[in-house]
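Colleague: Structure incoming, see below.
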Amino acid sequence: MARASDPERRLLAIYTGGTIGMRSEGGELVPGPGLATVLRRLPMFHDEHYAQACQLPEDTLALPPASPYQRVIYTVLEWQPLLDSSDMTMAEWVQIAQTIERHHEQYHGFVVIHGTDTMAFAASTLSFVLENLQKPVILTGAQVPIHALWNDGRENLLGALLMAGQYLIPEVCLFFQNQLFRGNRATKVDSRRFAAFCSPNLPPLATVGADITINWGLVRKVRRKAPLVVHSCVERDVGVLRLYPGIPASLVRAFLQPPLKGVVLETFGSGNGPTKPELLQELRAAVGRGLLILNCTHCLQGAVTSDYASGTALAGAGLLSAFDMTSEAALAKLAYVLGQPGLSLDDRKQLLAQDLRGEMTLPATERRVSLRGTSLGCQVAQFLSLSENQELGAVRDALLPSLACAAAHAGDLEVLRALADVGSDLDMEDFSGQTPLHAAARGGHARVVSMLLQRDADVNARDRDGLSPLLLATRGRHPEVIKLLRAAGACLSVQELEDVGTELCRLASRGDAEGLQAWWHAGADLRQPGYDGRHALHVAESTGNLELLELLRQFLAKASPAPQAP
Ligand code: ASP
1 MARASDPERR
11 LLAIYTGGTI
21 GMRSEGGELV
31 PGPGLATVLR
41 RLPMFHDEHY
51 AQACQLPEDT
61 LALPPASPYQ
71 RVIYTVLEWQ
81 PLLDSSDMTM
91 AEWVQIAQTI
101 ERHHEQYHGF
111 VVIHGTDTMA
121 FAASTLSFVL
131 ENLQKPVILT
141 GAQVPIHALW
151 NDGRENLLGA
161 LLMAGQYLIP
171 EVCLFFQNQL
181 FRGNRATKVD
191 SRRFAAFCSP
201 NLPPLATVGA
211 DITINWGLVR
221 KVRRKAPLVV
231 HSCVERDVGV
241 LRLYPGIPAS
251 LVRAFLQPPL
261 KGVVLETFGS
271 GNGPTKPELL
281 QELRAAVGRG
291 LLILNCTHCL
301 QGAVTSDYAS
311 GTALAGAGLL
321 SAFDMTSEAA
331 LAKLAYVLGQ
341 PGLSLDDRKQ
351 LLAQDLRGEM
361 TLPATERRVS
371 LRGTSLGCQV
381 AQFLSLSENQ
391 ELGAVRDALL
401 PSLACAAAHA
411 GDLEVLRALA
421 DVGSDLDMED
431 FSGQTPLHAA
441 ARGGHARVVS
451 MLLQRDADVN
461 ARDRDGLSPL
471 LLATRGRHPE
481 VIKLLRAAGA
491 CLSVQELEDV
501 GTELCRLASR
511 GDAEGLQAWW
521 HAGADLRQPG
531 YDGRHALHVA
541 ESTGNLELLE
551 LLRQFLAKAS
561 PAPQAP
């Protein structure tokens, strides 16, 4: 059994293939066996003198001493067959995880020597399938084989062995060119330069120069009592679809067909996509069949947000935000979450919304409700309610509105009920002036909206920007919520309806019946003219969209202009 106090740090180096050990055959690089033999001959990788003095077993190598008190010794386990990582799949990565599980007690840490092409997928998958990891697992490889005179393999492998041997970083990491990245945050960005990887949305966990700097603030904490769990069951029927301007709805439909169960949709900018109704309809239909679709930006850096109507439309179609996850991590997370047996669709969606292994940065509001699925939110509510003294009372008054809004935004009825039970006012505003009703309306959570309305929430509350819950539900195209709010007396204000004519014309020009319907249900007058004096019906006529024309005519026949709030 490997103990933290051992002066000898034992590592298992699992050699799966990749350029690092490749040889040239007929001018082409192919995976090469015998890496341990090569390493044994290189003094930087093996101290023969120490090995003999300590009678190390045949298959064990010893690094020269990195510190007077510690020695890193390691065994190379060569994979059969060795692979170019382009040929690796989830099946191989699960096998690596199982190998780690088998040897978990014997070693202080693990190095996985892997091809660079799919290393970010491998690291992401390993991070999810290895739960409660208490030891380092570090993937590394090279752009140039270790046998070449000028190569990056030696430095990378030595760095990975030293990091795994000397530091307790209980995560799946990727070491390349003097940087240790969280594995599920890394992505390959260069096919030739030695700096092949970057971690666009999280700084490196460690940087190696003359000194080694570990960013301990970022390193995940060990859950000591929880044993390692290896999840061998991952869903293979997952895929990635990258949007491009003008992508036909028919292509999207063809891609989303069964047996596919989960998709990473790579979208533009902050998670935006075409608002073409046929395309949204395909997405909605797929989500309706139970397909899980993660909205992941195809930008290298940045996150999916709800800043744009074109992003909100995707959320309205049922896509889940991947925030700032890489596509590699998003795909691996889908495979892991879908592979978990016995979960309902809602359970899976909840898992996808949580930060499970440090793979994504949740926005502040979501982070507060990552308490979901535990009773912590309820406990916080109860704790705050017990605060008799003045100071704690002030803390309570500051925290409860945000907690309530976060719970409402996540559709968390349990926490809201707990807050109500301890006597909280569910109409309170958070720092941005939004009430829990705003948050629930924006999130499209009809059950929460109806609970809040039953508790007399102010249906026409305005946030700091003058927006009402009804407007947020309309923009998010949540018909059920719109109906509930309208039935409770919600009205769009003059300010909210200011440019509605232009917006309606825009929707008509795109044939967006769903968007127009949302505004109609919200009580907007569909005859409102746009900036050029035409209204939605004129625009629909000019585009020749007969279906939309018919729909608009039906609305207009029924419509008597709705009452407006001041
Ligand atoms: N094609 C190689 C592989 O991924 C590239 C590399 O290792 O860098 O195995």
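Numbered by the numbering used here, the letters in the sequence shown go through residues 1 to 566 in order. All C-beta atoms in this analysis are idealised placements derived from N, C-alpha and C, irrespective of residue type, glycine included. The structure displayed is predicted, hence computed values, not measured ones.
1) Using only the heavy atoms of the ligand ASP, determine whether one of them is closer than 7 angstroms to the beta carbon of Thr125.
2) Quick one: grab the DSSP three-state call for Glu514.
3) State the CB to CB distance for the pair Leu352 and Lys333, rounded to an integer number of angstroms; the pair is presumed to be in contact (CB under 8 angstroms).
4) Hey, would you say Met22 sits closer than 8 angstroms to Gly32, going by beta carbons?
5) Three or more C-beta pairs closer than 8 angstroms, one from the region 193–206 and one from the region 236–252: is that the case here?
6) Can you tell me where the alpha helix (DSSP H) with Ser310 in it begins and where it stops?
7) Taking C-beta to C-beta, are Glu266 and Val287 nearer than 8 angstroms?
8) Is it right to say Asp430 is buried, meaning 16 or more other beta carbons lie within 10 angstroms of its own, or is it exposed?
9) For the beta strand (DSSP E) that Asn272 lies in, which residues bound it at each end?
10) What are the boundary residues of the beta strand (DSSP E) that Gln179 is part of?
11) From Asn184 to Arg357, what does the alpha carbon distance come to, in whole angstroms?
12) Among the candidates Ala195, Met119, Ser321 and Val144, whose CA atom is the shortest distance from the CA of Leu292?
13) Alpha carbon to alpha carbon, what distance is there between Ile482 and Ser493?
14) Confirm, please, whether the CB-CB distance from Ala410 to Leu453 is below 8 angstroms.
15) For Thr16 and Gly342, I'd like the C-alpha separation in whole angstroms.
16) Use the C-beta contact count for Leu35: other C-beta atoms within 10 angstroms, 16 or more gives buried, fewer gives exposed.
17) Following the continuous beta strand (DSSP E) through Val208, name the residue where it begins and the one where it ends.
18) Leaving aside the five residues before and after Glu131 along the sequence, list all residues of the same chain whose C-beta is less than 6 angstroms from its C-beta, in chain order.
19) Could you name the residues of the same chain whose beta carbon sits closer than 8 angstroms to that of Phe175, not counting the 5 residues immediately before and after it, in chain order?
20) In the DSSP assignment, find the beta strand (DSSP E) that holds Glu28 and state where it starts and stops.
21) If we count the other Cβ atoms within 10 Å of its Cβ and call it buried at 16 or more, is Gln179 buried or exposed?
22) Could you check where the beta strand (DSSP E) with Ile247 kicks off and where it finishes?
23) Report the option in Glu28, Phe323, Gln354 and Thr326 whose CA atom is closest to the CA atom of Val337.
24) Pairs of beta-carbons, one from the region 118–127 and one from the region 5–13, closer than 8 angstroms: are there three or more?
25) Quick check on Trp520: buried or exposed, where buried means 16 or more other Cβ atoms within 10 Å of its Cβ?
26) Whole angstroms are fine: how far does the CA of Ser509 sit from the CA of Tyr531?
27) Who are the near neighbours of Val219 in its chain, counting only those whose CB is closer than 6 angstroms to its CB and skipping five residues on each side?
28) At what residues does the beta strand (DSSP E) containing Arg10 begin and finish?
29) Sort out for me which residues DSSP pairs Ile138 with in a bridge.
30) Buried or exposed, going by whether 16 or more other CB atoms sit within 10 Å of the CB of Glu550?
31) Give a yes or no on contact between the region 59–78 and the region 184–198, applying the rule of three or more CB pairs nearer than 8 angstroms.
32) Nearest to Pro277 by CA position, among Asn545, Ala557 and Gln554, is which residue?
33) If you reduce the DSSP assignment to three classes, tell me which class Asn545 lands in.
34) Take the Cβ of Asp456 as the centre, count every other Cβ of all protein chains shown within 10 Å, and call the residue buried at 16 or more, exposed below.
35) Helix, strand or coil for Ser187? Go by DSSP, reduced to three states.
36) Can you tell which of Arg442, Met451, Pro136 and Leu42 has its C-alpha closest to the C-alpha of Leu470?
Modeller: Inspection of the coordinates gives the following:
1) no
2) helix
3) 7 angstroms
4) yes
5) no
6) Ala309 to Gly316
7) no
8) buried
9) First-last for Asn272: undefined, no H or E at that position.
10) Gln179 to Arg182
11) 8 angstroms
12) Ser321
13) 15 angstroms
14) no
15) 33 angstroms
16) buried
17) Ala206 to Val208
18) Val229
19) Ile138, Leu139, Thr140, Asn156, Gly159, Ala160, Met163 and Phe181
20) Glu28 to Val30
21) buried
22) It is not in any beta strand (DSSP E) - Ile247 carries neither H nor E in the DSSP assignment.
23) Gln354
24) no
25) buried
26) 14 angstroms
27) Ile169 and Leu205
28) Glu8 to Gly17
29) Val111 and Cys173
30) exposed
31) no
32) Asn545
33) coil
34) exposed
35) The question names Ser, yet the displayed sequence has Thr at residue 187. Strand.
36) Arg442
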